[in-house]
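Quick notes on the structure that follows.
2 protein chains.
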Amino acid sequence: MILNSNPLQNLRTYAILGTGALGGFYGARLQQVGIEVHFLLRSDYEQVQQQGLIIESPDGNFTLPQVYAYRNGCDMPACDVAIVALKTTQNHLLPELLPPVLKENGVVLVLQNGLGIEAEVAKIVGSDRVLGGLCFLCSNKVAPGHIRHLDYKQITLGDYRENYVPCGITERMQHIATDFERAGIPIDRSEDLLIARWKKLVWNIPFNGLSVVLNATTQQMMADKQTCALAEQLMKEVVAGAAACVQAIDLGSTRAVPPTFIQTMLDYTAKMTSYRTSMKVDYDDRRPLEVEAILGNPLRMAKRAGVELPQIQMLYQQLKFLDARNRDEFNQAASQA
Amino acid sequence: MILNSNPLQNLRTYAILGTGALGGFYGARLQQVGIEVHFLLRSDYEQVQQQGLIIESPDGNFTLPQVYAYRNGCDMPACDVAIVALKTTQNHLLPELLPPVLKENGVVLVLQNGLGIEAEVAKIVGSDRVLGGLCFLCSNKVAPGHIRHLDYKQITLGDYRENYVPCGITERMQHIATDFERAGIPIDRSEDLLIARWKKLVWNIPFNGLSVVLNATTQQMMADKQTCALAEQLMKEVVAGAAACVQAIDLGSTRAVPPTFIQTMLDYTAKMTSYRTSMKVDYDDRRPLEVEAILGNPLRMAKRAGVELPQIQMLYQQLKFLDARNRDEFNQAASQA
Chain P
487 MILNSNPLQN LRTYAILGTG ALGGFYGARL QQVGIEVHFL LRSDYEQVQQ
537 QGLIIESPDG NFTLPQVYAY RNGCDMPACD VAIVALKTTQ NHLLPELLPP
587 VLKENGVVLV LQNGLGIEAE VAKIVGSDRV LGGLCFLCSN KVAPGHIRHL
637 DYKQITLGDY RENYVPCGIT ERMQHIATDF ERAGIPIDRS EDLLIARWKK
687 LVWNIPFNGL SVVLNATTQQ MMADKQTCAL AEQLMKEVVA GAAACVQAID
737 LGSTRAVPPT FIQTMLDYTA KMTSYRTSMK VDYDDRRPLE VEAILGNPLR
787 MAKRAGVELP QIQMLYQQLK FLDARNRDEF NQAASQA
Chain Y
487 MILNSNPLQN LRTYAILGTG ALGGFYGARL QQVGIEVHFL LRSDYEQVQQ
537 QGLIIESPDG NFTLPQVYAY RNGCDMPACD VAIVALKTTQ NHLLPELLPP
587 VLKENGVVLV LQNGLGIEAE VAKIVGSDRV LGGLCFLCSN KVAPGHIRHL
637 DYKQITLGDY RENYVPCGIT ERMQHIATDF ERAGIPIDRS EDLLIARWKK
687 LVWNIPFNGL SVVLNATTQQ MMADKQTCAL AEQLMKEVVA GAAACVQAID
737 LGSTRAVPPT FIQTMLDYTA KMTSYRTSMK VDYDDRRPLE VEAILGNPLR
787 MAKRAGVELP QIQMLYQQLK FLDARNRDEF NQAASQA
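Note that the protein sequences, when read in sequence, are chains P and Y.
What the first sequence shows, in the working numbering, is residues 487 to 823, in sequence order.
What the second sequence shows, in the working numbering, is residues 487 to 823, in sequence order.
The following block contains the structure:
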C-alpha cells in the first residue's frame with residue numbers, strides 16, 4: 487500500500503521542545519495534517535494531557551483532543567526532527583533535552599530569534615545536524631494549551647554548516663519544507679542562513695529593543711522623527727555588523743544584507759498595524775528578555791570581526807539593566823506572595 | 487560716610503529672572519545680606535507679593551517678608567547684574583527680558599545647565615557683557631514662594647568671551663564672587679568657562695539622560711555594572727567632544743577635561759546618597775526637559791568640530807521622544823480637565 491508518493495515524508499516524526507505560542511501553533515498544524523508530533527510541556531502539561539491543544543486562527547479554529555504530551559524530555563521518543571521552540575533564555579536546558587529526542591540521523595530545527603543559536607546547538611549534536619528557521623508569526627498563548635494565532639505564519643528555512651558557510655537548498659531542508667507546506671505554512675528557502683538571520687535582526691534589534699526601553703509601540707516609534715531616525719541608525723549598525731562578520735570568515739565575499747533592505751523594513755513597519763513586540767510582551771509579563779540572543783550575540787560576533795556597534799551596545803546595556811530590575815521586582819513579588 | 491571698604495560692592499543691584507528653586511534661593515541669600523535684589527515671577531507673583539519669600543535650609547531657615555517682586559520684566563529697574571535662572575526651555579523669552587533689566591554697564595550671569603547659552607545671550611546683549619555660572623545646588627520649590635534648600639550651594643563662575651576664549655579671573659567676576667561669598671555661597675573661580683561647562687556635562691549628560699530613559703536613581707544606575715559601564719562610555723564621549731571643540735577653535739591648545747575626571751565623577755556618584763536628577767524631576771512633573779541645552783548643543787558643537795558622539799546622539803533621540811510624549815500627555819490631560 488502506497489500512502490504517499492514520497493514515503494520519507496510520511497515517516498518523519500517531530501519533537502516540539504517548547505509548546506508555547508510558536509511551538510504549539512506549528513506543532514498542532516503538523517499533527518493536524520497527519521504528521522506524528524511529540525510535545526514537551528512544563529506548566530501546561532496536565533491541562534494538555536486532559537484537553538489537548540486548542541488553536542484559534544484566522545485560517546480556522548481547531549482542537550486536537552489528543553496529543554503526545556510529555557513533562558520530561560527523557561520520556562520522549564527519538565524523532566527525525568527536533569524543533570527548538572523554547573525562549574532562548576531557556577537554552578541552557580538544551581544539552582540535556584536534545585540528545586534523547588534525536589534519532590541517529592535526526593536533525594534539529596532551531597525556530598528561535600537571534601543569532602548564533604545554531605552554532606550552540608551544533609556543539610551539542612554536531613554541526614551536520616542543525617537547521618535554522620526564522621518565523622514571521624504573530625501568535626499568543628492565551629491560556630494553558632490554548633493558542634491564539636493572529637497573523638502571518640511564514641518561515642524562512644536555512645541549513646547550517648560550521649561557521650555559517652552557505653550550503654544552498656539541501657535535501658533535508660526540502661523534506662522539512664514539504665512537511666510544513668503540507669500543513670499550510672508558507673516556506674521561504676534561504677541559501678544563506680547567516681544573512682537570513684542578520685536580515686531579521688535589522689528589524690528585531692531596533693524595534694524589540696526600543697519598544698522596551700521607551701515603553702512604545704511600533705506605531706509610536708514610527709510617528710516620531712527622532713525614534714524613526716534612531717531605528718534607521720541602529721539598522722545601519724546591524725548591516726555593518728553583518729558585513730564585518732561575513733568578511734571575517736569569507737574575505738571578498740559578496741554575501742551581504744543589501745542596504746536597500748533598511749528602507750524596505752522602515753516602510754513595512756510604518757504600514758504595519760501597531761504592534762507590541764515579543765520582547766515588550768516578555769517584559770510586560772516579567773519574563774526574562776532574549777537580550778543575549780538578539781543583541782548580545784550579534785555584538786560579540788561583530789566585535790570578534792573587529793567592529794564596534796556603539797548604539798546597539800548602548801541598547802544592550804539599557805536592556806540588561808531593565809531586565810535585571812524587572813526580574814528583581816518579579817522575584818520580590820513572588821517571595822512576598 | 488563710608489558704608490563699605492569697597493563702595494562698588496555696596497551699590498551693585500541684581501535682577502533675578504526666574505524665581506524658582508535656584509533663582510529664589512540665591513536671590514534671597516543676596517538680599518538677606520543687604521544687597522538690592524529684584525525678582526521676576528510668573529505663577530508665584532501674588533503669593534510672593536503678599537508673603538515674601540520663605541527659605542528652608544540646613545544653613546538656617548529664614549523669611550524675607552518683603553521683596554521687590556515683578557510680574558513683567560518691563561516693570562523691573564535696570565540692574566548691574568541680571569541673573570538668568572529660568573529653565574533653558576524658557577530662553578526664547580530672553581531677547582525681550584534682558585535688555586530692559588540691564589544698566590548701561592550691566593552684565594548678565596547665566597546660572598543655567600548646559601552648553602552654549604552664554605553665546606546665545608551674547609547675541610542679545612553683546613559678547614562683552616556675559617558671565618556664566620555652574621551651580622552645584624540641591625534645592626526644590628515646595629510651594630509658591632517657598633523654597634527648600636537641601637544640600638550643596640557652591641557656584642563655579644567663569645567670564646565669557648566670544649568663542650569661549652578663556653579670559654582668566656576678571657575684575658567683574660571678582661565683584662560678583664565677592665557678593666555671593668558675602669551671602670555665604672562658596673565660589674570657585676574658573677579661568678576657562680568652556681572647559682568648566684564641559685566638565686559639568688561629564689556628569690549631567692549620562693545621569694540626567696539615563697535617569698529619565700531608565701526611570702532610575704543614580705544609586706540604581708551605579709549598582710548595575712551595565713549602566714555603570716554605559717555612564718562611563720557616555721562620559722568618554724563628553725571628554726572627546728570637549729577636546730574636539732577646543733581644538734577646532736584653538737588648535738594645539740592644552741585646554742581639556744582631564745580623562746581622570748571621569749573616574750572622579752564615577753566615584754563621587756557612587757558615594758552620593760541616591761538622587762533623582764533635575765531632568766527626572768522635570769519629567770515626573772511633566773515639565774519640558776532641558777534636552778537641547780544639556781545634550782543637543784554639545785552634540786551640535788561637537789559635530790561642527792567634526793566629531794560624532796553616537797551614544798550621546800542616541801540618548802538625545804530617546805529623550806526627545808519621551809519628552810514629546812510626556813508633553814502630549816500633559817496637554818491632553820490639561821485639555822480634558
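Ideal Cβ positions, reconstructed from N, Cα and C, are used throughout, including at glycine.
Task: Residue-level contact to chain Y via CB, ASP710/P, 9 Å cutoff - done: For the purposes of this step, residue 710/P is taken as the residue at position 224 of the first sequence. Yes, ASP710/P lies at the interface with chain Y (some Cβ there is under 9 Å from its Cβ).
- [ ] Scan the region 801 to 820 of chain P for residues whose Cβ lies nearer than 9 Å to a Cβ of chain Y and list them as they occur along the chain.
- [x] LEU801, TYR802, GLN803, GLN804, LEU805, LYS806, PHE807, LEU808, ALA810 and ARG811
- [ ] Please say whether LEU503/Y and LEU601/Y have beta carbons closer to each other than 9 Å?
- [x] Locating residue 601/Y in the second sequence gives position 115, counting from the first residue. Locating residue 503/Y in the second sequence gives position 17, counting from the first residue. Against a cut-off of 9 Å, the Cβ pair of LEU503/Y and LEU601/Y comes out as no contact.
Open item on the list: Going by DSSP, what residue range makes up the alpha helix (DSSP H) through LYS589/Y?
Closed with: For the purposes of this step, residue 589/Y is taken as the residue at position 103 of the second sequence. Per DSSP, LYS589/Y belongs to no alpha helix (DSSP H); it is in the beta strand (DSSP E), 588 to 596.
TODO: Grab the span of the alpha helix (DSSP H) containing ASN694/P for me, first residue to last.
DONE: Within the first sequence, numbered from 1, the residue matching residue 694/P stands at position 208. Note, ASN694/P: alpha helix (DSSP H), 679 to 699.
Task: Short CB-CB distance (under 9 Å) between ASN490/P and chain Y - done: Along the first sequence, read from residue 1 onward, the residue named residue 490/P stands at position 4. Note that ASN490/P scores a pLDDT of 43, beneath 50, so its modelled location is shaky and nothing firm can be said.
TODO: Starting from the Cα of TYR650/Y, find the closest Cα among ILE735/Y, ILE569/Y and ARG675/Y and give me that residue.
DONE: Within the second sequence, residue 650/Y is the residue found at index 164, counting from 1. When only C-alpha atoms are compared, the closest one is ILE735/Y.
- [ ] Establish whether the CB of ALA726/P and some CB of chain Y are separated by less than 9 Å.
- [x] In the first sequence, the residue the question calls residue 726/P occupies position 240. Not closer than 9 Å to any Cβ of chain Y, the Cβ of ALA726/P fails to qualify, so no.
TODO: Could you tell me the distance, in whole angstroms, from the CA atom of LEU700/P to the CA atom of VAL570/Y?
DONE: As a first step, residue 700/P is located in the first sequence; it is residue number 214 there, counting from the start. As a first step, residue 570/Y is located in the second sequence; it is residue number 84 there, counting from the start. Looking at the two C-alpha atoms, the distance is approximately 33 Å.
Task: Given VAL767/Y as reference, the closest of ASN547/Y, LEU696/Y and TYR512/Y once Cα atoms are compared - done: Taking the first residue of the second sequence as position 1, residue 767/Y is located at position 281. For the residues ASN547/Y, LEU696/Y and TYR512/Y, the minimum Cα distance to VAL767/Y belongs to LEU696/Y.
- [ ] For THR755/Y, collect the residues of the same chain with a Cβ closer than 6 Å to its Cβ; drop the 5 residues on either side in sequence, then sort them by chain order.
- [x] The count along the second sequence starts at 1 and reaches residue 755/Y at position 269. Sequence-distant partners of THR755/Y (beyond 5 residues in either direction) whose C-beta falls short of 6 Å from its own C-beta, in its chain, are THR704 and MET708.
Task: Cβ-based burial, GLU590/Y [other Cβ within 10 Å; buried from 16] - done: As a position in the second sequence, residue 590/Y is number 104, starting the count at 1. Answer is exposed; the Cβ neighbour count stays below 16.
TODO: Going by CA-CA distance only, name the one from PHE816/P, LEU527/P and GLU778/P that's closest to HIS828/P.
DONE: In this structure chain P extends from 487 to 823, so residue 828/P is not present and cannot be described.
- [ ] Measure from the C-beta of ALA729/Y to each C-beta in chain P and report whether the shortest distance is under 9 Å.
- [x] As a first step, residue 729/Y is located in the second sequence; it is residue number 243 there, counting from the start. In terms of beta-carbon proximity, ALA729/Y stays away from the interface with chain P, with every pair separated by 9 Å or more.
Task: Beta-carbon contacts of ASP809/P that lie in its chain and below 7 Å, excluding the five residues immediately before and after - done: Here residue 809/P is taken as the residue at index 323 of the first sequence, counted from 1. For ASP809/P, where only same-chain residues beyond five positions count, the Cβ hits under 7 Å are PRO774, LEU775 and VAL777.
Open item on the list: For CYS560/Y and PRO586/Y, what's the separation of their Cα atoms in angstroms?
Closed with: Along the second sequence, one-based indexing puts residue 560/Y at 74. Along the second sequence, one-based indexing puts residue 586/Y at 100. Looking at the backbone, the Cα of CYS560/Y and that of PRO586/Y are separated by about 6 Å.
Task: Start-end ranges of the beta strand (DSSP E) lying completely within the region 603 to 629 of chain Y, minimum 3 residues - done: 616 to 621 and 624 to 629
Open item on the list: Here's a check: name, in chain order, each residue in its chain whose Cβ is nearer than 7 Å to the Cβ of TYR802/Y, leaving out the five neighbours to either side.
Closed with: The residue you call residue 802/Y lines up with position 316 of the second sequence. Cβ within range, chain order: VAL777, LEU781, GLY782 and LEU785.
Task: Cutoff 7 Å; reference GLU606/Y; Cβ partners in own chain excluding five residues on either side - done: Position 120 of the second sequence, counting from 1, holds the residue named residue 606/Y. Closer than 7 Å at the Cβ level, and outside the excluded window around GLU606/Y, lie ASN577.
Open item on the list: What does the alpha-carbon distance come out to for the pair ASN490/Y and GLY520/Y?
Closed with: One-based indexing of the second sequence puts residue 490/Y at position 4. One-based indexing of the second sequence puts residue 520/Y at position 34. In this predicted model, ASN490/Y has a pLDDT of only 44, less than 50, meaning its place in the structure is not dependable enough to derive any value.
Open item on the list: Can you determine whether any heavy atom of the ligand NAD sits closer than 8 Å to the C-beta of ALA730/P, and answer yes or no?
Closed with: With respect to small molecules bound, the structure shown includes none, and the ligand NAD cannot be examined in it.
- [ ] Please check if any C-beta of chain P sits within less than 9 Å of the C-beta of GLN495/Y.
- [x] Start at 1 with the first residue of the second sequence, and residue 495/Y comes out as number 9. Here GLN495/Y scores only 48 on pLDDT, less than 50, and its place in the model should not be relied on; the value that follows carries that caveat. No - not a single Cβ of chain P is within 9 Å of the one on GLN495/Y.
Open item on the list: Run through the DSSP bridge pairs and tell me what SER676/Y is partnered with.
Closed with: Reading the second sequence from its first residue, position 190 is the one you call residue 676/Y. Paired residues: GLY644/Y.
Task: Residue-level contact to chain Y via CB, GLU796/P, 9 Å cutoff - done: Within the first sequence, numbered from 1, the residue matching residue 796/P stands at position 310. According to the sequence as given, residue 796/P is Pro; it is not Glu. Answer yes: the Cβ-Cβ gap between PRO796/P and chain Y drops below 9 Å somewhere.
Task: Residue nearest to VAL594/P in terms of C-alpha spacing, selected from ARG741/P, GLN818/P and ALA564/P - done: Residue numbering aside, residue 594/P sits at position 108 when the first sequence is read from its first letter. Closest option to VAL594/P, Cα to Cα, is ALA564/P.
- [ ] May I ask you to report which of helix, strand or coil DSSP gives ALA564/P?
- [x] In the first sequence, the residue the question calls residue 564/P occupies position 78. DSSP, reduced to helix, strand and coil, places ALA564/P outside both helices and strands of the structure shown, so it counts as coil.
Open item on the list: The alpha helix (DSSP H) that contains ARG786/P, what's its start and end?
Closed with: What you label residue 786/P is simply residue 300 of the first sequence in a count that begins at 1. Run containing ARG786/P: 783 to 790, per the alpha helix (DSSP H) assignment.
Open item on the list: Between which two residues does the beta strand (DSSP E) holding ARG634/P run?
Closed with: Position 148 of the first sequence holds residue 634/P. The continuous beta strand (DSSP E) containing ARG634/P extends over residues 632 to 637.
- [ ] State the Cα-Cα distance for the pair MET721/Y and TYR769/Y, rounded to the nearest angstrom.
- [x] Within the second sequence, residue 721/Y is the residue found at index 235, counting from 1. Within the second sequence, residue 769/Y is the residue found at index 283, counting from 1. Going from the Cα of MET721/Y to the Cα of TYR769/Y covers about 22 Å.
Task: According to DSSP, residues forming a beta bridge with VAL474/P - done: What is shown of chain P runs 487 to 823, which leaves residue 474/P out entirely.
TODO: Excluding the 5 residues preceding and the 5 following ALA507/Y in the sequence, name in chain order all residues of the same chain whose CB lies nearer than 7 Å to its CB.
DONE: Here residue 507/Y is taken as the residue at index 21 of the second sequence, counted from 1. SER625, ASN626, LYS627 and ILE633.
TODO: Pick helix, strand or coil for THR763/P, following the three-state DSSP scheme.
DONE: Working through the first sequence from its first residue, we reach residue 763/P at position 277. Of the three classes helix, strand and coil, the one that applies to THR763/P here is coil, per DSSP.
- [ ] Check whether the Cβ atoms of GLY618/P and ALA682/P sit closer than 9 Å, and answer yes or no.
- [x] Here residue 618/P is taken as the residue at index 132 of the first sequence, counted from 1. Here residue 682/P is taken as the residue at index 196 of the first sequence, counted from 1. Result yes, Cβ atoms of GLY618/P and ALA682/P sit closer than 9 Å.
TODO: Drop a sphere of 10 angstroms on the beta-carbon of GLY546/Y, count the other beta-carbons inside from all chains shown, and report buried for 16 or more, exposed for fewer.
DONE: Here the question's residue 546/Y lines up with position 60 in the second sequence. Answer is exposed; the Cβ neighbour count stays below 16.
- [ ] Locate the beta strand (DSSP E) running through ALA571/Y, then write down its first and last residues.
- [x] As a first step, residue 571/Y is located in the second sequence; it is residue number 85 there, counting from the start. Per DSSP, ALA571/Y belongs to no beta strand (DSSP E) and is neither H nor E.
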